[in-house]
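Just so we're aligned, residue 1 is where the sequence shown starts under full-length UniProt numbering, counting upward by one. Cβ atoms here follow ideal geometry from the backbone N, Cα and C, with glycine treated the same way. Remember, it's a predicted structure, so these values are computed and weren't measured experimentally. Only one structure is covered here, and it is reproduced in the block below.
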Amino acid sequence: MTRTVCLHGPESTGKSTLGPRIAEALGGIYVPEFGRTWSEAKGIGFTMTDLVAIAKGHMADTRAALNRRPPWVILDTDPLMTAVWAEMLFGERDPWFDRFTDTADFYVMFDVDLPWIPDGTRMFGTEGLRAKFFDLCRAELERRHVPWTMVGGHGEDRFENAMKAIGEAAERGCFPDLAQRGIA
1 MTRTVCLHGP ESTGKSTLGP RIAEALGGIY VPEFGRTWSE AKGIGFTMTD
51 LVAIAKGHMA DTRAALNRRP PWVILDTDPL MTAVWAEMLF GERDPWFDRF
101 TDTADFYVMF DVDLPWIPDG TRMFGTEGLR AKFFDLCRAE LERRHVPWTM
151 VGGHGEDRFE NAMKAIGEAA ERGCFPDLAQ RGIA
């Protein structure tokens, strides 16, 4: 059985840096952020239609990874995060996002305790916008009632804190197959 962990949170919080490391440490597959690939190819002048297409593209990549049947799939965001982007950009979301139910087993939300670094695709670097983005990210997880933990820290501590959070999620039964086999 494949377990899914989604890395969630505002821009410049370490999701894309830590995702491949977490996947490797767990012997799994990393699914990169589809929105980054989209924005690097097409720019950041998003429409709501673009955001739905980004979410659907990410889900296609997720399905392809799941079809390989690895023990773990680590997602660099998912449609819940794209819904937050819609809220940040437009103050609303397409109804498609609320119909999305294929959530990950567990979410690791990264704190905004790292400096914001512009890279040509990031948009919300001021302290106020980062705080708003963070609050919307947390609200989306709470609204969906998905299991999640917030992770912070700098350097290697951030990776270790993420791995610890995933281990604790297993102990709490977020990955039922592990608990049933006594691995948690």
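Looking at the structure shown, is residue 106 part of a helix, part of a strand, or coil, going by DSSP?
Taking the sequence shown and counting its residues from 1, the one referred to as residue 106 is at position 106. In the structure shown, residue 106 sits in a strand (DSSP, three-state: E or B).
So which of 109, 66, 39, 145 has the shortest CA-CA distance to residue 54?
Here residue 54 refers to the residue found at position 54 of the sequence shown. It is 39.
State the Cα-Cα distance for the pair residue 15 and residue 77, rounded to the nearest angstrom.
Here residue 15 is taken as the residue at index 15 of the sequence shown, counted from 1. Here residue 77 is taken as the residue at index 77 of the sequence shown, counted from 1. Approximately 8 Å between the Cα atoms of the pair.
On the criterion of 16 or more Cβ atoms from any shown chain inside 10 Å, does residue 3 qualify as buried, or is it exposed?
To locate residue 3, count along the sequence shown from 1; it is residue 3. Counting Cβ neighbours within 10 Å, residue 3 comes out buried, since at least 16 surround it.
By the DSSP assignment, the alpha helix (DSSP H) with residue 174 in it spans what residues?
As a first step, residue 174 must be located in the sequence shown, where it is residue number 174. Taken as a continuous stretch (DSSP letters only), residue 174 belongs to no alpha helix (DSSP H), as it is neither H nor E.
How about residue 74 and residue 9: are their beta carbons less than 7 Å apart?
Residue mapping note: residue 74 aligns to position 74 of the sequence shown, counting from 1. Residue mapping note: residue 9 aligns to position 9 of the sequence shown, counting from 1. Result no, Cβ atoms of residue 74 and residue 9 do not sit closer than 7 Å.
Could you spell out where the beta strand (DSSP E) holding residue 126 opens and where it closes?
For the purposes of this step, residue 126 is taken as residue 126 along the sequence shown, with counting starting at 1. Note, residue 126: premise wrong, no beta strand (DSSP E); not H, not E.
Within the continuous alpha helix (DSSP H) that includes residue 58, where are the two ends?
What you label residue 58 is simply residue 58 of the sequence shown in a count that begins at 1. Its alpha helix (DSSP H) spans residues 48-67.
What is the DSSP secondary structure of residue 82, counted as helix, strand or coil?
As a first step, residue 82 must be located in the sequence shown, where it is residue number 82. Correct three-state label for residue 82: helix.
Return helix, strand or coil for residue 116, following the three-state DSSP convention.
Within the sequence shown, numbered from 1, the residue matching residue 116 stands at position 116. Three-state result, residue 116: coil.
So what does DSSP say about residue 29, is it helix, strand or coil?
Along the sequence shown, read from residue 1 onward, the residue named residue 29 stands at position 29. If DSSP states are grouped into helix, strand and coil, residue 29 belongs with the strands.
Using DSSP with H/G/I as helix, E/B as strand and the rest coil, what is residue 76?
Counting from one through the sequence shown, the residue named residue 76 turns up at place 76. Reduced to three states, the DSSP call for residue 76 is strand.
Apart from the five residues on each side of it in sequence, which residues of its chain come closer than 7 Å, Cβ to Cβ, to residue 25?
Residue 25 sits at position 25 when you count from the first residue of the sequence shown. Only 163 meet the Cβ criterion.
Using DSSP with H/G/I as helix, E/B as strand and the rest coil, what is residue 163?
Numbered from its first residue, the sequence shown carries residue 163 at position 163. Correct three-state label for residue 163: helix.
Per DSSP, what kind of secondary structure is residue 37 in: helix, strand or coil?
Here residue 37 refers to the residue found at position 37 when the sequence shown is read from its first residue. Note: residue 37 maps to helix in three-state DSSP.
I'd like to know if the segment 41-56 and the segment 134-152 are in contact, where contact means that at least 3 CB-CB pairs between them fall below 8 Å.
Short answer: they don't touch.
Looking at the structure shown, is residue 179 part of a helix, part of a strand, or coil, going by DSSP?
The residue labelled residue 179 in the question sits at position 179 within the sequence shown. Note that residue 179 scores 46 on pLDDT, short of 50, meaning its location in the model is unreliable and no value can be drawn from it.
I need the DSSP call for residue 88, collapsed to helix, strand or coil.
The residue you call residue 88 lines up with position 88 of the sequence shown. Helix at residue 88.
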